[in-house]
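Chains E and Y, in that order, give the protein sequences. Under the working numbering, the first residue of the first sequence carries the number 12, and numbering increases by one thereafter. Under the working numbering, the first residue of the second sequence carries the number 12, and numbering increases by one thereafter. Heads up, the beta-carbon is just placed ideally off N, CA and C, and yes, glycines get one too. Accompanying notes for the structure given below.
Number of protein chains: 2
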Amino acid sequence: MKIGQATIKDIARELNVSSSTVSRALKDYPGISDETKRKVKEVAEKLNYRPNAIALSLRKSRSFTIGVIIPEVVHFFFSTVISGIEEVAYSRGYNVILTQTNEKLTREKSSIETMLSNQIDGFLVSYSKETTDFEHFSKLLDQGYPIVFFDRVPDIPKAINVMVDDYQGAYDAVTHLIQQGYQRIAHLAGPRNLTISQERERGYRDALTNHGISIDPKMIVECPIGTDDESQKITRELYEKSSVKPDAFFANNDMAAVGAMLACKALGMKVPEEVGIVGFSNWQFCSMIDPSLSSVAQPGFNMGAKATEILLDIIEKKVDPEKINLPVTLDTELLIRKSSVRSHS
Amino acid sequence: MKIGQATIKDIARELNVSSSTVSRALKDYPGISDETKRKVKEVAEKLNYRPNAIALSLRKSRSFTIGVIIPEVVHFFFSTVISGIEEVAYSRGYNVILTQTNEKLTREKSSIETMLSNQIDGFLVSYSKETTDFEHFSKLLDQGYPIVFFDRVPDIPKAINVMVDDYQGAYDAVTHLIQQGYQRIAHLAGPRNLTISQERERGYRDALTNHGISIDPKMIVECPIGTDDESQKITRELYEKSSVKPDAFFANNDMAAVGAMLACKALGMKVPEEVGIVGFSNWQFCSMIDPSLSSVAQPGFNMGAKATEILLDIIEKKVDPEKINLPVTLDTELLIRKSSVRSHS
DNA sequence: AACGTCAACGCAATCGTTTGCAATAAAAAA
DNA sequence: TTTTTTATTGCAAACGATTGCGTTGACGTT
Numbered sequence: 012m013k014i015g016q017a018t019i020k021d022i023a024r025e026l027n028v029s030s031s032t033v034s035r036a037l038k039d040y041p042g043i044s045d046e047t048k049r050k051v052k053e054v055a056e057k058l059n060y061r062p063n064a065i066a067l068s069l070r071k072s073r074s075f076t077i078g079v080i081i082p083e084v085v086h087f088f089f090s091t092v093i094s095g096i097e098e099v100a101y102s103r104g105y106n107v108i109l110t111q112t113n114e115k116l117t118r119e120k121s122s123i124e125t126m127l128s129n130q131i132d133g134f135l136v137s138y139s140k141e142t143t144d145f146e147h148f149s150k151l152l153d154q155g156y157p158i159v160f161f162d163r164v165p166d167i168p169k170a171i172n173v174m175v176d177d178y179q180g181a182y183d184a185v186t187h188l189i190q191q192g193y194q195r196i197a198h199l200a201g202p203r204n205l206t207i208s209q210e211r212e213r214g215y216r217d218a219l220t221n222h223g224i225s226i227d228p229k230m231i232v233e234c235p236i237g238t239d240d241e242s243q244k245i246t247r248e249l250y251e252k253s254s255v256k257p258d259a260f261f262a263n264n265d266m267a268a269v270g271a272m273l274a275c276k277a278l279g280m281k282v283p284e285e286v287g288i289v290g291f292s293n294w295q296f297c298s299m300i301d302p303s304l305s306s307v308a309q310p311g312f313n314m315g316a317k318a319t320e321i322l323l324d325i326i327e328k329k330v331d332p333e334k335i336n337l338p339v340t341l342d343t344e345l346l347i348r349k350s351s352v353r354s355h356s
Numbered sequence: 012m013k014i015g016q017a018t019i020k021d022i023a024r025e026l027n028v029s030s031s032t033v034s035r036a037l038k039d040y041p042g043i044s045d046e047t048k049r050k051v052k053e054v055a056e057k058l059n060y061r062p063n064a065i066a067l068s069l070r071k072s073r074s075f076t077i078g079v080i081i082p083e084v085v086h087f088f089f090s091t092v093i094s095g096i097e098e099v100a101y102s103r104g105y106n107v108i109l110t111q112t113n114e115k116l117t118r119e120k121s122s123i124e125t126m127l128s129n130q131i132d133g134f135l136v137s138y139s140k141e142t143t144d145f146e147h148f149s150k151l152l153d154q155g156y157p158i159v160f161f162d163r164v165p166d167i168p169k170a171i172n173v174m175v176d177d178y179q180g181a182y183d184a185v186t187h188l189i190q191q192g193y194q195r196i197a198h199l200a201g202p203r204n205l206t207i208s209q210e211r212e213r214g215y216r217d218a219l220t221n222h223g224i225s226i227d228p229k230m231i232v233e234c235p236i237g238t239d240d241e242s243q244k245i246t247r248e249l250y251e252k253s254s255v256k257p258d259a260f261f262a263n264n265d266m267a268a269v270g271a272m273l274a275c276k277a278l279g280m281k282v283p284e285e286v287g288i289v290g291f292s293n294w295q296f297c298s299m300i301d302p303s304l305s306s307v308a309q310p311g312f313n314m315g316a317k318a319t320e321i322l323l324d325i326i327e328k329k330v331d332p333e334k335i336n337l338p339v340t341l342d343t344e345l346l347i348r349k350s351s352v353r354s355h356s
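This is the structure we're talking about:
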């Protein structure tokens, strides 16, 4: 058996025709006799011919591949987004090449470099926590490279951003807590440099204000890392060292929420009777823990799908990037479970 | 600004030399004067030259890209594996192109096709639940394509398999339950066509037998889907319709374990006092649920990393595929949490 | 008989890079 | 001065596919 794939030339040789004829026959071009087409296709089948996508890419300066740059694969939300990306890309005939930055800026940059070398047709990016300067992205945008940002989006010209309505999600969550009768609602905030953290905090603040509750800065604590261990510690300290005694938590993410829940339980407080908790992201485990955790669901799959659709539309020039309504926001959904529902007594 | 990347020809034109000279200068070939090298590199820098990986791939018939085929991205274990794959691939200068099969055989096959078209250097595969015939893989192996299977591995000639020691992991888990004094240990088994399910069941059986406990077929129930809903239903039925009254569960995976736990709680039984539970995979939520779930940890990251290393070694001909000790097994680790530890009364 | 028409196909350039084999010139050896 | 060596560089083919244009021969038309 011959090693290496059969090429158009192999078919041509076998039939004593030129490779141009074979190429055209395979694509059902007019000007090729039906007889020849039949024979070509027959031999192609026999030799198990598969077009060489690399050669095609070179010829067309198009690779039918999009590059995805995300902070971490092992993250429920991001893996959901990837799933959405992969789904749409696959159905439209594109490949997905993936790199994770591990939240490192240098890696973000070098990934972009290799992807550019690989003649990527476009980028799908959620930038790293270290990224505060977006020069490396604006340069690409200026050169006309299609980029769609999702979830973590920059505030730079020409950027196309797809994100969830973090503000509304947070607002809904906090409003729900207020309606359940919780009064002293603390916020476990996320890293301050991320827009999503800022938006969620803004939703928290507005919900309180609009319901006539004043904002206590001591009730807002940052959880930069985002692990449950961290927020456990922070929650404990809040009760032990501070004068504030929250009766509810709205957390920037589910991990932090779980940490708060564990800490409260350890301190002998009952959830949801004494302390209400709402998280953000709706990770899988939300429904599995006890009490089940209320959370703001982010449509990760849809976000990946939507971002990919926009990107491919731009790549294929089906839409004018200038004419897209920006930013594209997707609705969140507040999933109310046990951790935030007081039995009406 | 010129659209499109600068090529070697652009550099050549600028300096009035041939493209061969530029190519050699950039690679520090001998036989090029230092003066020329300097100038070439200078212009390359100025034009922001980036080698065209596609052209290189065509020339060398090597794409420096590996294809990963997995059932689902949104799966803690698999996303961990991907992370390991990506890490090693990146550090060795390879790209990762990713597709998920969504457990569909047709999609598995078509993914292979597109990857072959893209001149992938090698495959990393965990096959779908629908896959029972491995002809499409053996054909590739016969043609000399490098493939490394992980987690879900086939029993076919020439296959290189990387997996966790499922047997030992299951054996350890069940032994632990026995030592905790549980007597009637049920097994929530996985899909029968997967080797991993078979191995885990074998570990379960041997652990019982070796500790003098006879095996009751009614204690072994299959959970083909693997959701917590499914196993909740199955668990309930086990208590209600069957004569067996398990006092412990060893589940094929964590989702099933959680289902069993929820069902038991709903039936008013105390975990771990009355029912002990051990899962498999050590998903993130294990430590977050109440009671925390004991589980057999699979080294997902290591598995991805190891599989990738082997694959790249084969691709780069650093090792002879025939000479690898097979199968490559990675040790599991039993993480004992609250769900399986009886307070010694 | 001379010309035009048209179907069917081949030639050769192209995409960007690498590389074996000349080719050229200058420097060294005879 | 002539020949040989050496240092630099260029030519051109190759990787696989596409495509504008030219070629060929069989027809039909006047």
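Just to make sure I have the definition right: I need the residues of chain Y whose C-beta is within less than 7 Å of the C-beta of I85/E. Which are they?
In the sequence as displayed, the identity of residue 85/E is Val instead of Ile. In chain order: S90, T91 and S94.
Have a look at E97/E and V107/E and give me their C-alpha separation to the nearest angstrom.
7 Å
If you draw a straight line from the C-alpha of I226/E to the C-alpha of T91/E, how long is it?
34 Å
Using a Cβ-Cβ distance cut-off of 7 Å, determine whether Q243/Y contacts chain E.
no
Check the C-beta distance from S64/E over to Q16/Y and give it rounded, since I have them as a contact under 8 Å.
The displayed chain sequence assigns Ala, not Ser, to residue 64/E. Incorrect: roughly 19 Å between the Cβ atoms, too far for contact.
So L199/Y is in the beta strand (DSSP E); what residue range does that whole segment cover?
I196 to A200
Curious, which full-length beta strand (DSSP E) runs of at least 3 residues does the stretch 264-328 of chain E contain?
287-292 and 305-308
Between D240/Y and chain E, is any beta-carbon pair separated by less than 7 Å?
no
Less than 7 Å separating the beta-carbons of V51/Y and A66/Y?
no
What are the residues that DSSP puts in a beta bridge with A23/E?
Paired residues: none, contrary to the question.
Cβ of I43/E within 7 Å of any chain Y Cβ:
no
DSSP bridge partner residues for I231/Y (one or two, in chain order):
H198/Y
Mark D348/Y as exposed unless 16 or more other C-beta atoms lie within 10 angstroms of its C-beta, in which case mark it buried.
Checking the sequence shown, residue 348/Y turns out to be Arg, not Asp. Classification for R348/Y: buried.
For a contact meaning CB atoms closer than 8 Å, what does P62/E contact in chain Y?
S128
Let me check understanding here. Comparing Cα to Cα, which of Y101/Y, K20/Y and I43/Y lies closest to L323/Y?
Y101/Y
What do you get for I236/Y, buried or exposed, if any count of 16 or more other CB atoms within 10 angstroms of its CB means buried?
exposed
Name the chain Y residues that come within less than 8 Å of N336/E, Cβ to Cβ?
What N336/E touches in chain Y: nothing, since even the nearest Cβ is about 26 Å away.
What's the C-alpha gap between S29/Y and E46/Y?
15 Å
Among G78/E, I300/E, F88/E and K334/E, which one has its Cα closest to the Cα of T110/E?
G78/E
For N221/Y, which of helix, strand or coil comes out of DSSP?
helix
Cα-Cα separation, K256/Y to K229/Y
10 Å
Enumerate in chain order the residues of its own chain whose CB-to-CB distance from V99/E is below 8 Å, with the five nearest sequence positions on each side excluded.
G315, A316, T319, E320 and L323
Report the three-state DSSP secondary structure of F75/Y (helix, strand or coil).
coil
State whether the stretch 258-271 of chain Y contacts the stretch 286-293 of chain Y, with contact taken as three or more CB pairs (one from each stretch) at a distance under 8 Å.
yes
Which residues, in order along the stretch 275-301 of chain E, keep a beta-carbon less than 7 Å from a beta-carbon of chain Y?
Q295, F296, M299, I300 and D301
Rounded to the nearest angstrom, what separates R353/Y and V282/Y at their Cα positions?
9 Å
Would F145/Y and I167/Y qualify as a contact pair, given that the criterion is a beta-carbon distance under 7 Å?
yes
Starting from Q111/E, follow its DSSP beta bridges and name the residues at the other end.
I81/E
What would DSSP say about F261/Y, mapped onto helix, strand or coil?
strand
With 16 as the cutoff for other CB atoms within 10 Å, does H187/Y come out buried or exposed?
buried
Just the C-alpha distance for Q191/Y and S298/Y, rounded to the nearest angstrom, thanks.
20 Å
Rounded Cβ spacing between V269/E and I300/E (contact assumed at less than 8 Å):
7 Å
Does DSSP classify V92/E as helix, strand or coil?
helix
Cβ of I123/Y within 7 Å of any chain E Cβ:
no
What is the DSSP secondary structure of E344/E, reduced to helix, strand or coil?
strand
For a cutoff of 7 Å on Cβ pairs, would you count L322/Y as touching chain E?
no
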